[in-house]
Amino acid sequence: MASSCDRKGAKLIAVTCEFIECAIHTILCIRDVYPRAIFKAARKFDAPVRMSRHPKLSEYIADLIQGLYECMKKGIVHRVELLIIKDGKAIPELCEKYIFEVGPEINRGDMSPEIRAEFCTFLVRLMSIDMIRPRNKGIPLTFNVRMMTTSQEACAEKDWTAVGPQDDLWGNDCDNNNNDDSLLDNLNDEKAVSTKITPIHHMRKPFSFALHMVTPND
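Note that my numbering has the sequence shown beginning at 93, numbered continuously upward.
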């Protein structure tokens, strides 16, 4: 059963959302979803990151993160996915998926100095992802963000639209994209595609949290 967080949990959730926001900006840059010229080099959690200079993109991501924060405070979010999709295709084709797994202990967690060190490690490893898988150079790309929740009704936050339930063992989906549900139906049809899961990093304290990259087997 979902449980709302206390004040300490809210602070931990805010820092976690701040990390997810930095990670999304960085992935969109280093995976060439948008031109690198619209990003600037920055540091967050004492790690190198890339942040968008484009006002509309930055505002869009910030709005998503605000909605995510509100849902996480309700204790209903267990996974966030960033999908990198080939743009302009009649049938959407998923190139890469980045999965942020969020443990339920986050609502009862407490801030500690170790959390920033852990997020630093996540970001450092994320910045080296090109060494694991080459970028999708020359391919028009777009992105989509989804969060998996335990309550479809409770996740109706700004810029998030409830869809599903879909073929997902974790529960219902919430998606921020305003396209019709056929887009998600096509992207969710992963049974016919052999995929590879690459762990980027995980931590167990003060709550369980992990980041994975999922790609098709070449």
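Virtual Cβ for every residue (Gly too), placed ideally from N, Cα, C.
In this text, all values refer to a predicted model and were calculated from it rather than measured experimentally.
Host beta strand (DSSP E) of residue i (start-end)
{"i": "R142", "result": "A139 to S144"}
{"i": "A106", "result": "Where A106 is concerned, there is no enclosing beta strand (DSSP E), although the alpha helix (DSSP H) it sits in stretches over R99 to I122."}
{"i": "I292", "result": "T287 to M295"}
{"i": "T242", "result": "From DSSP, T242 is part of no beta strand (DSSP E); its letter is neither H nor E."}
{"i": "R306", "result": "Sequence inspection shows Val at residue 306; the Arg mentioned does not correspond to that position. First-last of the beta strand (DSSP E) with V306: F301 to P308."}
{"i": "A133", "result": "F131 to K136"}
Contact under 8 Å by Cβ, residue i with residue j
{"i": "V107", "j": "L174", "result": "no"}
{"i": "P232", "j": "K288", "result": "no"}
{"i": "M203", "j": "K100", "result": "yes"}
{"i": "A115", "j": "V216", "result": "no"}
{"i": "F131", "j": "F211", "result": "no"}
{"i": "E206", "j": "K297", "result": "yes"}
{"i": "M219", "j": "I122", "result": "yes"}
{"i": "I168", "j": "F299", "result": "no"}
Separation of residue j from residue i, as counted between CA atoms
{"i": "I224", "j": "I112", "result": "21 Å"}
{"i": "I183", "j": "K166", "result": "35 Å"}
{"i": "Y152", "j": "E110", "result": "14 Å"}
{"i": "H304", "j": "P291", "result": "4 Å"}
{"i": "V306", "j": "C187", "result": "9 Å"}
{"i": "D222", "j": "I119", "result": "10 Å"}
{"i": "H117", "j": "G230", "result": "19 Å"}
{"i": "R208", "j": "V125", "result": "27 Å"}
Continuous alpha helix (DSSP H) stretch holding residue i: start and end
{"i": "K148", "result": "P147 to K165"}
Inter-residue CB distance, residue i and residue j (contact presumed, cutoff 8 Å)
{"i": "R171", "j": "E193", "result": "6 Å"}
query = Could you give the uninterrupted runs of the beta strand (DSSP E) lying entirely in the region 170-235, keeping only those of 3 residues or more?
reply = Fully enclosed beta strand (DSSP E) runs of 3 or longer: 185-194.
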